[in-house]
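Using our numbering, read the sequence shown as starting at 445 and increasing by one per residue.
To keep things clear, I will list the structure first and then write my remarks on it.
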Amino acid sequence: MRALITGGGGFLGQYIVEQLLQRGEKVRVFSRKKYPELEKAGAESFQGDLRSYDQIEAACSGMDVIFHTAALPGISVWRKPYYETNVLGTQNVVAAALRCGIKKLICTSSPSVADGGKPQCGVDESVPYPKKFLAWYPETKAIAEKFVLEKNGARWTDLNDQGKAQSGQLWTCALRPRLIWGPRDHHLIPRLLDRARSGRLMQVGDGKNKLDMIYVENAAKAHLLACDALEKDSPVAGKAYYLSQGEPVLCWNWINEILKQQGLPPVKRKISFRFAYILGSVFEFLYKITFRTSEPPMSRFLATQLAQSYWFDISNAKNDFGYEPEISTEEGMKRLNEYLHENHGK
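Laid out in structure tokens, this is it:
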């Protein structure tokens, strides 16, 4: 199998690359910058931008499968960068896949594509997309996910090595991993620790909210399992799937456990969900009228994520492509703490 991983230098992407290489697959990475460690491991590297169709097409040439993990996350108040990367970028990936005769496309989506701002407890993929979103990231990811799934079964025509026309179909699916964590994360955990060390970390809500999450190696393995099962007449084709550890945790207990392992005190400062939500609305307004492109310290979307419960039924992923979280939450925490002690210290 010849696999292209967009965002292959990112947190999840690197693990997918490594697991594919361990299986002996030919791997190509498409990222904005070079990653010498991946090239040293055996991956081919293409530099480019999702917004450039020509660059995407060049990277797709000769590939069989695309793992589309690249996206722009965050809570900035401006729509354009999210739309260009998450929507137009995904459309470029699909168009290039059809032009280059790609057989499979596994898109990394997000549970937030079905989040309209209310708690979600034990729901499955039958929950519809909301009519309104609280942030541009989930809205643009929802548009991208729908586009990818609608293209399931789309026909393509390509020229083989002998210059003869050959035709086939593109099979697609979308995976919605919830709160990916583990070693080598350069965003979620480091930002959490920085806020705690500077005294800026506050509990939002009553601390009783449950969250699903997924250890990064489990998330990567799920992508490979979905790819293996994705084909014509497969139940995976054209569907979206929630992914998690299968055991939700109390959000702030989990955060405090990470802090404890790093020799930091538990979170003591607290604000109510209502106050955080109102504060988020104020920050969003101020950032718009002052044309600030950075992320506000609080937003309505962030307030809901920190204070409300979000956990999902992952039965479909288990039944349709055999997903099981091989690395337990306990083992994952052990590996994370070892990594943090080695690389960040207390």
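All C-beta atoms, glycine included, are put in the ideal place defined by N, C-alpha and C.
Contact set for residue i: own chain, Cβ-Cβ below 7 Å, skip 5 residues either direction
{"i": "Ser570", "result": "none"}
{"i": "Ala541", "result": "Cys504, Ile510, Leu549 and Leu614"}
{"i": "Leu516", "result": "Pro525, Tyr526, Thr529 and Asn530"}
{"i": "Ala598", "result": "Leu542, Gln613 and Leu614"}
Endpoints, alpha helix (DSSP H) assigned at residue i
{"i": "Thr734", "result": "It is not in any alpha helix (DSSP H) - Thr734 carries neither H nor E in the DSSP assignment."}
{"i": "Ile460", "result": "Phe455 to Gln466"}
{"i": "Phe765", "result": "Ser759 to Phe765"}
{"i": "Phe591", "result": "Trp580 to Glu594"}
{"i": "Phe745", "result": "Arg744 to Ala751"}
{"i": "Gly776", "result": "Thr773 to Asn787"}
{"i": "Leu636", "result": "Leu632 to Arg641"}
Between the CA atoms of residue j and residue i - distance to the nearest angstrom
{"i": "Ile459", "j": "Thr734", "result": "Residue identity check: residue 459 is Tyr in the sequence provided, not Ile. Each residue's alpha carbon lies about 39 Å from the other."}
{"i": "Pro582", "j": "Lys478", "result": "28 Å"}
{"i": "Ser753", "j": "Leu655", "result": "6 Å"}
{"i": "Arg622", "j": "Asp757", "result": "12 Å"}
{"i": "Lys790", "j": "Gln705", "result": "Any answer about Lys790 is weak, because its pLDDT of 48 lies below 50 and its placement is not dependable; what the coordinates show is given next. Roughly 9 Å between the two C-alpha positions."}
{"i": "Arg476", "j": "Gly454", "result": "10 Å"}
{"i": "Ala579", "j": "Gln647", "result": "21 Å"}
{"i": "Asn596", "j": "Gln499", "result": "23 Å"}
{"i": "Gly457", "j": "Gly492", "result": "15 Å"}
{"i": "Ala772", "j": "Gln689", "result": "The amino acid occupying residue 772 in the given sequence is Ser; Ala does not appear at that position. Each residue's alpha carbon lies about 7 Å from the other."}
{"i": "Cys617", "j": "Arg495", "result": "22 Å"}
{"i": "Val521", "j": "Glu661", "result": "32 Å"}
Own chain partners of residue i with C-beta closer than 6 Å, once the 5 adjacent residues on each side are dropped
{"i": "Cys695", "result": "Asn653 and Leu655"}
{"i": "Glu488", "result": "Arg472"}
{"i": "Glu767", "result": "Here residue 767 turns out to be Tyr, not Glu, going by the sequence shown. Here the set comprises Ala666, Leu669 and Ala761."}
Span of the beta strand (DSSP E) around residue i
{"i": "Val660", "result": "Careful: Val660 lies outside any beta strand (DSSP E), inside the alpha helix (DSSP H) at Val660 to Ala673."}
{"i": "Lys548", "result": "Lys548 to Thr552"}
{"i": "Ala558", "result": "Premise fails: Ala558 is in no beta strand (DSSP E) and is neither H nor E."}
{"i": "Tyr685", "result": "Ala684 to Leu687"}
Minimum Cβ-Cβ distance from residue i to chain D less than 9 Å
{"i": "Tyr659", "result": "In the structure shown, chain D does not exist; there is a single protein chain."}
Other residues of its chain near residue i: CB distance less than 8 Å, five sequence neighbours each side excluded
{"i": "Leu465", "result": "Val471, Ala485, Gly486 and Ala487"}
{"i": "Glu701", "result": "Met777"}
DSSP beta-bridge partners of residue i
{"i": "Ile449", "result": "Val473 and Phe511"}
{"i": "Leu694", "result": "Lys654"}
{"i": "Arg599", "result": "Gln613"}
{"i": "Cys565", "result": "Trp755"}
{"i": "Val648", "result": "Ile715"}
Start-end ranges of the alpha helix (DSSP H) lying completely within the region 471 to 534, minimum 4 residues: 480 to 485, 497 to 504 and 523 to 526
Beta strand (DSSP E) segments (min. 3 residues) lying fully within the region 705 to 729: The qualifying runs do not exist here; there are none.
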